[in-house]
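Undergrad: Pasting in a structure now, in structure tokens, and then I'll have a few things to ask.
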Ligand code: UDP
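Residue numbers (the UniProt record's numbering): 1 to 330.
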């Protein structure tokens, strides 16, 4: 039986596909290639190009594959874009989940591991953020993902589809050999932009706000290595395969780094100056996001291997140096 990875040509999806294949799983990938990259998909996985909202297309995939369960990464994920184009997010992300759950029900597929996000919590009440904390998103991206969690909860009650929602904090890094990595168009994430500045592809980094209530005034985020995240998806899949019920887990390191601290660590790793300027706050940014991650460690047995921000940055820098234009397919 196969694991069907939706969005398997994206940044986190492609690292998870690679890890699944390396662990001997039979893997099929669906990706629309709107933001994904065909070259990012491990060649041992079968690839289907199409959109998860297209139920006829999805039925042909489920017809050809004996799907044991789904890992779902296929969503738009840029917070500032979602503030400007919320309906794009509710259509692709939220409606995409409706269509998927319908087809899963038709084919009697009862397991789904889902890419959720810390953005479902919104501005935290307390730090670190626990899975039981209120989920009150401050942007349409987070709202679209919270709605997807809610739909899975009711689909569990009605149809017995078991889910694990993995609420990611900030993901960074790349496979250690530099063969796959992060390549977004446009790039909006902090670390890849910092490394573009280090490489001389951009003149300087704009830091969005230095007047937050944090030790140095810049936002604090919790960074996890993409391969540790990939491991968590595989553990979550095994958790469902073992017959456990639906659940949600934070995936973070439980350590926060400010945007300025990330720049300093990147200067150390790259040996480059990385000029910065302070720019206005970015709409929808909570001031501090740090995960309580003991639940994933205790229940899933998750043990992140990268516990050091410089080691994470180094893998991203390797990827950037070997692929200065990313996959060069856009
Ligand atoms: N950020 C920044 N300059 C940039 C890109 C991002 O100062 O060019 C900040 C952003 O405001 C946030 C942090 O970096 O405080 C992480 O943002 P990112 O978009 O990487 O991830 P998010 O936390 O939104 O998921």
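All residues carry an ideal CB built from backbone N, CA and C; glycine is no exception. Treat the numbers as computed from the prediction; the structure is a model and nothing was measured.
1. Thinking C-beta only, is residue 329 closer than 8 angstroms to residue 37?
2. Can you list, in chain order, the residues of its chain with a C-beta nearer than 8 angstroms to that of residue 215? Leave out the 5 residues immediately preceding and following it.
3. Can the beta-carbon of residue 225 be found less than 8 angstroms from the beta-carbon of residue 172?
4. Given 7 angstroms as the limit, tell me if residue 193 has its C-beta closer than that to any heavy atom belonging to the ligand UDP.
5. Counting Cβ pairs closer than 8 angstroms, one from the segment 229–240 and one from the segment 103–118, do we hit at least three?
6. Taking 6 angstroms as the limit between beta carbons, can you name the residues of its chain near residue 144, skipping five residues before and five after?
7. Taking one C-beta from the segment 78–85 and one from the segment 274–285 each time, how about it: are there three or more such pairs within less than 8 angstroms?
8. Please classify residue 135 as buried or exposed, where buried requires at least 16 neighbouring CB atoms within 10 angstroms.
9. Please state if the CB of residue 205 and the CB of residue 276 are separated by a distance shorter than 8 angstroms.
10. Considering only residues of the same chain and omitting the five flanking positions on each side of residue 220, which have a CB-CB separation below 6 angstroms?
11. Is the closest heavy atom of the ligand UDP to the C-beta of residue 12 under 7 angstroms?
12. Along the beta strand (DSSP E) that carries residue 206, what are the first and last residues, could you check?
13. Among the residues of its own chain, which have a CB less than 7 angstroms from the CB of residue 138, if the five just before and after it don't count?
14. According to DSSP, residue 163 sits in a beta bridge with which residue or residues?
15. Taking the DSSP output, what are the residues bridged to residue 170?
16. Could you check whether the Cβ of residue 225 sits closer than 7 angstroms to any heavy atom belonging to the ligand UDP?
17. Start and end of the alpha helix (DSSP H) containing residue 14?
18. Under three-state DSSP, which class holds residue 41?
19. Helix or strand or just coil, what does DSSP make of residue 48?
20. So the beta strand (DSSP E) residue 77 belongs to, where does it begin and stop?
21. Thinking residue 52 and residue 6 are a contact (beta carbons under 8 angstroms), I'd like their distance in whole angstroms, please.
22. Can you tell me which residues form a DSSP beta bridge with residue 62?
23. Under 6 angstroms Cβ to Cβ from residue 141, same chain only, skipping five residues before and after it: list those, please.
24. Using the DSSP secondary-structure output, state which residues sit across from residue 278 in a beta bridge.
25. Identify, in the order they occur along the chain, each residue of the same chain with its Cβ nearer than 6 angstroms to the Cβ of residue 318, setting aside the five sequence neighbours on each side.
26. By the three-class DSSP mapping on this structure, what secondary structure does residue 318 have?
27. Within 10 Å of its beta-carbon, does residue 72 have 16 or more other beta-carbons around it, so buried, or fewer, so exposed?
TA: Once the coordinates are examined:
1. Contact flag set, yes.
2. 258
3. yes
4. yes
5. yes
6. Excluding residues within five positions, the ones whose Cβ falls inside 6 angstroms are 89, 90, 93, 94.
7. With the cut-off at 8 angstroms, the segment 78–85 and the segment 274–285 touch.
8. buried
9. yes
10. Contacts found: 214, 256, 258, 288.
11. Result no, Cβ not under 7 angstroms from the ligand UDP.
12. Unbroken beta strand (DSSP E) run through residue 206: 205–208.
13. 122, 123, 284, 286
14. 112
15. 223
16. no
17. 11–22
18. The answer is coil: DSSP assigns residue 41 none of H, G, I, E or B.
19. Strand.
20. Looking at the DSSP string, residue 77 is not in any beta strand (DSSP E), and its letter there is neither H nor E.
21. 6 angstroms
22. Answer by DSSP bridge pairing: none, since residue 62 is not bridged.
23. Once the five neighbours on either side are set aside, the close Cβ partners of residue 141 are 79, 82, 89, 119.
24. 207
25. Cβ within range, chain order: 178.
26. Helix at residue 318.
27. buried
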